[in-house]
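Below is one structure, written out as structure tokens; the observations come after it.
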Amino acid sequence: MKWEDLDEVMEIERASFTLPWKREAYENELLHNQYARYIVLEHEGHIAGYCGMWLVIDEAHITNVAISPSYRGKKLGDAIMRYALQFAYQHGAATATLEVRISNMVARNLYKKLGFLEGGIRKHYYQDNGEDAIVMWVKLR
3 MKWEDLDEVM
13 EIERASFTLP
23 WKREAYENEL
33 LHNQYARYIV
43 LEHEGHIAGY
53 CGMWLVIDEA
63 HITNVAISPS
73 YRGKKLGDAI
83 MRYALQFAYQ
93 HGAATATLEV
103 RISNMVARNL
113 YKKLGFLEGG
123 IRKHYYQDNG
133 EDAIVMWVKL
143 R
């Protein structure tokens with residue numbers, strides 16, 4: 003992800019999440035977070051989706067994944083996650099973790115298909131409605 007990608011990323015962010023990250027959060031990630039890595043998926047000159055992670059020692063923590071509504075249903079979430087996990091592996095990660103809303107069955111099923119296991123619950127994790135998050139992890143090595 004580059005600075006000039008942020009306008010399109012923010013459109014996808016707002017369309018995808020009830021509690022979207024603010025632009026300033028992405029700016030901070032790109033400018034100041036040495037552990038942050040962000041990938042964009044482009045199609046015909048437009049950003050179709052993105053995935054962010056923090057690479058810390060031997061773990062990749064997936065911070066966010068989103069596909070533009072106009073590109074959903076085309077297996078692009080699968081593609082960007084596979085790419086992100088391969089990227090993490092190539093940069094030394096032995097495991098990857100993430101949190102996902104309990105109600106987000108589409109994402110949970112994708113993560114399970116990619117080998118993620120459910121490892122725990124973070125009670126009242128999401129501030130917009132107090133929904134619990136499931137912590138999922140996968141071994142990469």
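Numbering (my numbering), first residue to last: 3 to 143.
Beta carbons are placed, not taken as given, at the ideal position from N, Cα and C, and that holds for glycine.
Since this is a predicted model, take the numbers as computed values, not measurements.
Buried or exposed for residue i, going by 16 or more other Cβ atoms inside 10 Å?
i, result
"Ser72", "exposed"
"Ser105", "exposed"
"Tyr85", "exposed"
"Trp5", "exposed"
In whole angstroms, give me the CA-to-CA distance for residue i and residue j.
i, j, result
"Tyr52", "Gly117", "20 Å"
"Glu120", "Asp80", "18 Å"
"Arg74", "Leu112", "13 Å"
"Ile49", "Glu31", "18 Å"
"Ile14", "Thr20", "12 Å"
Assuming residue i is part of the beta strand (DSSP E), what are its boundary residues?
i, result
"Glu44", "Ala38 to His45"
"Ala98", "Thr97 to Arg103"
Measuring CB to CB, does residue i end up less than 8 Å from residue j?
i, j, result
"Ile41", "Ile69", "no"
"Ala90", "Ala98", "yes"
"Leu57", "Tyr37", "yes"
"Leu43", "Leu87", "no"
Provide the residue span of the alpha helix (DSSP H) that contains residue i, from first to last.
i, result
"Ile136", "No alpha helix (DSSP H) holds Ile136; the beta strand (DSSP E) holding it covers Ala135 to Lys141."
"Glu26", "Arg25 to His34"
Does DSSP put residue i in a helix, in a strand, or in coil?
i, result
"Met83", "helix"
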